[in-house]
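Number of protein chains: 2
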Amino acid sequence: MQTDFMQVAIEEARAGLAEGGIPIGSVLVHQGKVLGRGHNRRVQKGSAILHGEMDAIENAGRLTAKVLQECELYTTLSPCPMCSGAIVLYKIPRVIIGENRTFMGEEAWLRSHGVTVEVRQDPVCIDLMQGFISKNPSLWNEDIGC
Amino acid sequence: MQTDFMQVAIEEARAGLAEGGIPIGSVLVHQGKVLGRGHNRRVQKGSAILHGEMDAIENAGRLTAKVLQECELYTTLSPCPMCSGAIVLYKIPRVIIGENRTFMGEEAWLRSHGVTVEVRQDPVCIDLMQGFISKNPSLWNEDIGC
Chain A
0 MQTDFMQVAI
10 EEARAGLAEG
20 GIPIGSVLVH
30 QGKVLGRGHN
40 RRVQKGSAIL
50 HGEMDAIENA
60 GRLTAKVLQE
70 CELYTTLSPC
80 PMCSGAIVLY
90 KIPRVIIGEN
100 RTFMGEEAWL
110 RSHGVTVEVR
120 QDPVCIDLMQ
130 GFISKNPSLW
140 NEDIGC
Chain B
0 MQTDFMQVAI
10 EEARAGLAEG
20 GIPIGSVLVH
30 QGKVLGRGHN
40 RRVQKGSAIL
50 HGEMDAIENA
60 GRLTAKVLQE
70 CELYTTLSPC
80 PMCSGAIVLY
90 KIPRVIIGEN
100 RTFMGEEAWL
110 RSHGVTVEVR
120 QDPVCIDLMQ
130 GFISKNPSLW
140 NEDIGC
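Which chain is which? The protein sequence lines are A and B, in order.
Under numbering that gives the first Met the number 0, the first residue of the first sequence carries the number 0, and numbering increases by one thereafter.
Under numbering that gives the first Met the number 0, the first residue of the second sequence carries the number 0, and numbering increases by one thereafter.
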């Protein structure tokens with residue numbers, strides 16, 4: 000059976016939540032293999048740059064442009080400008096998004112750069128974010144620069 | 000005498016070069032005070048996300064949106080899509096760029112988001128990059144996803 004990598008991204012989001020962090024998870028996949036997985040670490044590491052997508056890319060380490068241009072990025076929430084910028088920089092061609100109801104990232108900008116963007120509106124992803132934000136509105140606002 | 004924070008960014012770039020890294024440095028400044036300084040750490044940390052600007056923002060730690068929206072970011076080289084995305088995310092209102100002859104980042108996109116962008120074409124910044132790229136073309140290409 001083929002792995003649904005969104006489930007891996009959700010596992011990452013839940014791991015972040017269990018650590019007291021913001022529940023957003025991401026997975027970088029190359030030809031069916033996970034190269035990097037990660038989650039938002041603002042709280043855990045006092046980090047302003049380790050959003051879930053950035054953490055997954057960082058954990059994948061240094062990769063060639065060729066490999067990055069063959070990857071897919073799964074992420075539980077629509078990618079913010081910073082994470083979208085990383086996708087554009089490395090020309091990651093396909094992004095699968097858990098949901099964009101909680102937060103609409105730079106999906107139009109990604110598409111304008113030729114990135115294929117798929118949005119699932121996964122109820123588990125929506126519930127994770129809605130539950131977190133209702134309890135931690137200021138932390139969530141900090142994470143998106145508001 | 001007023002500090003020229005571009006000189007601090009250049010110090011950072013030189014520190015990166017001395018470590019065997021890519022000579023790009025950045026400084027996040029709030030009301031005349033350095034909140035974070037950093038340099039590209041691709042080589043030093045095996046990092047795909049620690050560009051100079053990202054490292055400076057990371058080293059500044061968690062800040063309120065209000066403070067970020069009053070900051071200036073000095074950087075020796077025009078910011079790539081990822082670093083520009085971080086600037087857009089955190090609504091950093093002013094970016095001072097050492098040079099954009101070696102690499103033209105997302106300056107137009109920054110301006111379209113209301114960011115004031117100033118480019119110095121500083122010969123020291125240009126020499127640092129040109130000297131590095133002539134000796135390390137593949138490392139430079141990796142850093143910009145080519």
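We put the CB at the ideal spot given by N, CA and C, even for glycine.
Closer than 7 Å to the CB of A55 of chain B there is not a single CB belonging to chain A. Counting only unbroken stretches of 4 or more residues, the alpha helix (DSSP H) elements lying wholly within the region 55 to 123 of chain A are 64 to 67, 80 to 88, 106 to 111, in sequence order. Annotation: Cβ neighbours of M81 of chain A in chain B (cutoff 7 Å, chain order): M81, G84, A85, L88.
Within its own chain, the residues whose Cβ lies closer than 6 Å to the Cβ of V116 of chain B, once the five positions on either side in sequence are excluded, are V94, E106, L109, R110, listed in chain order. Residues of chain B with a Cβ closer than 9 Å to the Cβ of G60 of chain A are, in chain order, G45, S46, A47. Within the same chain, Cβ atoms closer than 7 Å to the Cβ of M5 of chain A are found at Y73, I95, G97, R119, D121, the five residues on either side in sequence being excluded. Check the Cα spacing between L76 of chain A and each of A:R61, A:N135, A:H112, A:E11: the tightest is with A:E11. Put simply, the CB of C145 of chain B is near chain A, with a gap under 7 Å to one of its CB atoms.
Here the region 12 to 20 of chain B makes no contact with the region 32 to 48 of chain A; the two share fewer than three CB pairs at distances below 8 Å. At a beta-carbon threshold of 8 Å, none of the residues of chain A lie near E11 of chain B; the nearest stands roughly 16 Å away.
Note: K44 of chain B is not bridge-paired with any residue in the DSSP secondary-structure output. Judged by DSSP in its simplified three-state form, L27 of chain B adopts strand. In chain order, R61, L62, T63, A64 make up the part of chain A whose C-beta sits under 9 Å from the C-beta of E141 of chain B. For a Cβ distance threshold of 9 Å, residue set R61 of chain B lies close to R41 of chain A, ordered along the chain. Straight-line spacing of the CA atoms in K90 of chain B and V26 of chain B works out to 16 Å. By the neighbour-count definition (other C-beta atoms within 10 Å, threshold 16), P22 of chain B is a buried residue. Look at the region 17 to 36 of chain A: it has no residue with a C-beta under 7 Å from a C-beta of chain B.
Taking a Cβ-Cβ threshold of 8 Å, none of the residues of chain B is close to L72 of chain A; the smallest such distance is about 13 Å. Taking all protein chains shown into account, A8 of chain B has 16 or more neighbouring C-beta atoms within 10 Å of its C-beta and is therefore buried.
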